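Mind the numbering: the sequence shown is residues 4 to 357 in the numbering used here, read in order.
Quick reminder that beta carbons are idealized off the backbone N, C-alpha and C, glycines included.
Given the structure is predicted, the values throughout are model-derived calculations rather than measurements.
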Amino acid sequence: MPDHRPLTWALSAVVLASLLLPGGKAITHEGEEKLIGWKGEVIPDAGALSKGWVEHVAWKPRVWVYHNFITPDEALHIRKTAAPSMKRSSVVGQNGSSVLDPIRTSYGTFIRRLHDPTIARVMERVAQWVHLPPVHAEDMQVLRYGVGQKYGAHMDSLIDESPRMATVLIYLADTEEGGETAFPDRSEWVSPASAAQAGAGAFSECAHGSVAFKPKLGDALLFFSIKEDGTHEPASLHTGCPVVKGHKWTSTVWVHSRPFRPKAYKPPRADEATVEPGDCKDAHHMCEEWAKQGECEKNPGYMVGGRTDQPGACRAACKACEPCSQADPVEHRECINRNRAAGGWLVYSETDFM
């Protein structure tokens, strides 16, 4: 029998937290405000978060919304950090590998937990909300959906014995229409008032009749993939509804009952700078020689790149991309975008950062 004790302890902490933080109660973020008077007067720090508050949305599955979880500047930072590395999203295949599937048509990438101070601060905020150390979380996954793109109904827990216990979904932009996160199987609102507060009457067709939440810049959604006894929660089946108008940006943090890859919980090395996948350059001085030896065909994953979020090291030598001239900035950007599109990378624009 599997040992569910660590999971039960973790869940107990979260349940206690939910009892202490009823819907609508304000949460004070570290550094958000400074006490300046004996009566409790406060003055907000520059660039601070708006007052955050937690709203209990559903019992099946257990869902909470944290309003104003991150600032607009933090959301913009995450979008800009992720955009260059974003590629067509994959799903977990039967053998545990990443595979493309029509069920998921977004673009995505992962950002390390300690990538930079802003990312680390957001991850620490997630940890405070779920009452587990930051090392229990996976790297932050960032997703971008355009019109018509979606993520079909799926479970985050993968299988009953999965160590994932909870998901924190952070909304990095407003979506004009569609794009709701919906729970289509046996979900139940806390009350009719909760449905009205969430704007259920204006949901897109995909979200009608379900517990759902419309993307709103700065808000975050917390739901549990398991029940209090550690068994699978069927009602946690959820879908990312198709975007009808505009675009949708989210960051997902999966939280485990035990530390997740603790040896990898460290800042990136100085030489791990992001490479622009659309720039047709070789990353190693031996690329031309390796190409002559047939390595482009023998070792395509390293030489040309595969389904990971890292481009190949020798794409120019393997003639897997179009060289881009620096003479004309407009043509250079268009060339970069052609290479990105050909390689399955996100072609983004300034509207993604507005």
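Could you work out which residue in Gly111, Val171 and Ala176 is closest to Phe146 when comparing CA atoms only? As a first step, residue 146 must be located in the sequence shown, where it is residue number 143. At residue 146 the sequence reads Leu, which differs from the Phe that was named. Of the listed residues, the one whose Cα sits closest to Leu146 is Gly111.
Buried versus exposed call for Ser239 [16 or more other C-beta atoms within 10 Å across all chains shown]: Residue 239 sits at position 236 when you count from the first residue of the sequence shown. Flag for Ser239 reads buried.
Between the alpha carbons of Met289 and Asp331, how many angstroms are there, rounded? Locating residue 289 in the sequence shown gives position 286, counting from the first residue. Locating residue 331 in the sequence shown gives position 328, counting from the first residue. The alpha-carbon atoms of Met289 and Asp331 are separated by roughly 29 Å.
Closer than 6 Å by C-beta to His287: which residues in its own chain qualify, once you throw out the five before and the five after it? Chain order, please. As a first step, residue 287 is located in the sequence shown; it is residue number 284 there, counting from the start. These residues qualify, in order along the chain: Ala316.
Quick one: residues in its chain with C-beta nearer than 7 Å to the C-beta of Ser109, no 5 flanking neighbours on either side, listed in chain order? Numbered from its first residue, the sequence shown carries residue 109 at position 106. So the qualifying residues of the chain are Ser92, Leu146, Arg147, Tyr148, Gln152 and Tyr154.
Beta-carbon within less than 8 Å of Ala189's beta-carbon, same chain only, minus the 5 sequence neighbours each way: which residues are those? Here residue 189 is taken as the residue at index 186 of the sequence shown, counted from 1. In the sequence on display, residue 189 carries Arg and not Ala. Contacts found: Lys63, Pro237 and Ala238.
Between the segment 63-76 and the segment 318-336, are three or more C-beta pairs nearer than 8 Å? no
Measure the alpha-carbon distance for Asp119 versus Pro271 and round it to whole angstroms. In the sequence shown, counting from the first residue as 1, residue 119 sits at position 116. In the sequence shown, counting from the first residue as 1, residue 271 sits at position 268. If I take the Cα positions, the gap works out to 9 Å.
DSSP-derived helix/strand/coil call for Ala29: Mapped onto the sequence shown, residue 29 falls at position 26. For Ala29, the predicted structure reports a pLDDT of 43, less than 50, and the residue's modelled location is therefore unreliable. A value from the coordinates is still provided. Looking at Ala29 - three-state DSSP - the assignment turns out to be strand.
Alpha carbons only, please: which of Gly204, Val247, Leu224 and Gly281 is nearest the one belonging to Thr255? Locating residue 255 in the sequence shown gives position 252, where the first residue counts as 1. The residue with the shortest Cα to Cα distance from Thr255 is Leu224.
Would you decide whether Phe206 is buried or exposed? Buried here means 16 or more other CB atoms lie within 10 Å of its CB. Position 203 of the sequence shown, counting from 1, holds the residue named residue 206. Under this definition Phe206 is a buried residue.
Can you tell me whether Val193 is helix, strand or coil according to DSSP? Position 190 of the sequence shown holds residue 193. Coil, per DSSP.
Could you check where the alpha helix (DSSP H) with Trp62 kicks off and where it finishes? Looking up residue 62 in the sequence shown gives position 59. Run containing Trp62: none in the alpha helix (DSSP H); it sits in the beta strand (DSSP E), Gly55 to Lys63.
Is any heavy atom of the ligand NAP found at a distance shorter than 7 Å from the C-beta of Phe227? The ligand content of the structure shown is nil, which means the ligand NAP is not present either.
Coarse secondary structure for Lys217, derived from DSSP in three states: What you label residue 217 is simply residue 214 of the sequence shown in a count that begins at 1. Here Lys217 sits in coil by DSSP.
Three-state secondary structure (DSSP) at Gly347? Here the question's residue 347 lines up with position 344 in the sequence shown. Reduced to three states, the DSSP call for Gly347 is coil.
So the alpha helix (DSSP H) Ala156 belongs to, where does it begin and stop? To locate residue 156, count along the sequence shown from 1; it is residue 153. Premise fails: Ala156 lies in the beta strand (DSSP E), Tyr154 to His157, not in any alpha helix (DSSP H).
Considering only C-alpha positions, which residue in the set Thr170, Ile122 and Ile229 is nearest to Trp132? Counting from one through the sequence shown, the residue named residue 132 turns up at place 129. Answer by Cα proximity: Thr170.
Bridge partner(s) assigned by DSSP for Gly151: On the sequence shown, position 148 is the one that residue 151 refers to. DSSP output for Gly151 lists no bridge partner at all.
Ignore the nearest five residues each way along the sequence and tell me which others in Trp348's own chain have a CB closer than 6 Å to its CB. Position 345 of the sequence shown holds residue 348. Contacts found: Lys90 and Pro280.
Can you tell me the Cα-Cα spacing of Lys284 and Pro326, whole angstroms? As a working note, residue 284 is residue 281 in the sequence shown. As a working note, residue 326 is residue 323 in the sequence shown. Rounded to whole angstroms, Lys284 to Pro326 spans 8 Å at the Cα level.
Residues of its chain near Pro166, where Cβ-Cβ distance is below 7 Å and the 5 sequence neighbours each way are ignored: In the sequence shown, counting from the first residue as 1, residue 166 sits at position 163. Result list for Pro166: His259, Ser260 and Arg261, in chain order.
Compare the C-alpha of Ala78 against each of Met168, Ala294 and Leu172 and name the closest. Against the sequence shown, residue 78 aligns to sequence position 75. For the residues Met168, Ala294 and Leu172, the minimum Cα distance to Ala78 belongs to Leu172.
Does DSSP put Ile122 in a helix, in a strand, or in coil? The residue you call residue 122 lines up with position 119 of the sequence shown. Correct three-state label for Ile122: helix.
Check whether Val60 and Ala156 have beta carbons under 8 Å apart: Taking the sequence shown and counting its residues from 1, the one referred to as residue 60 is at position 57. Taking the sequence shown and counting its residues from 1, the one referred to as residue 156 is at position 153. Result no, Cβ atoms of Val60 and Ala156 do not sit closer than 8 Å.
Look at the Cβ atom of Ala216, then the Cβ atom of Arg128, and state whether they are nearer than 8 Å. Position 213 of the sequence shown, counted from the start, is the residue given in the question as residue 216. Position 125 of the sequence shown, counted from the start, is the residue given in the question as residue 128. The residue you asked about is not Ala; residue 216 is Phe in the sequence shown. Not closer than 8 Å, so no.
If you measure between the beta carbons of Lys248 and Tyr174, is that distance less than 8 Å? For the purposes of this step, residue 248 is taken as residue 245 along the sequence shown, with counting starting at 1. For the purposes of this step, residue 174 is taken as residue 171 along the sequence shown, with counting starting at 1. In this structure, Tyr174 does not lie closer than 8 Å to Lys248 by Cβ.
Best match in Tyr268, Glu334, Asp76 and His211 for proximity to Pro137 [C-alpha to C-alpha]: In the sequence shown, residue 137 corresponds to position 134, counting from 1. The shortest C-alpha separation from Pro137 is found at Tyr268.
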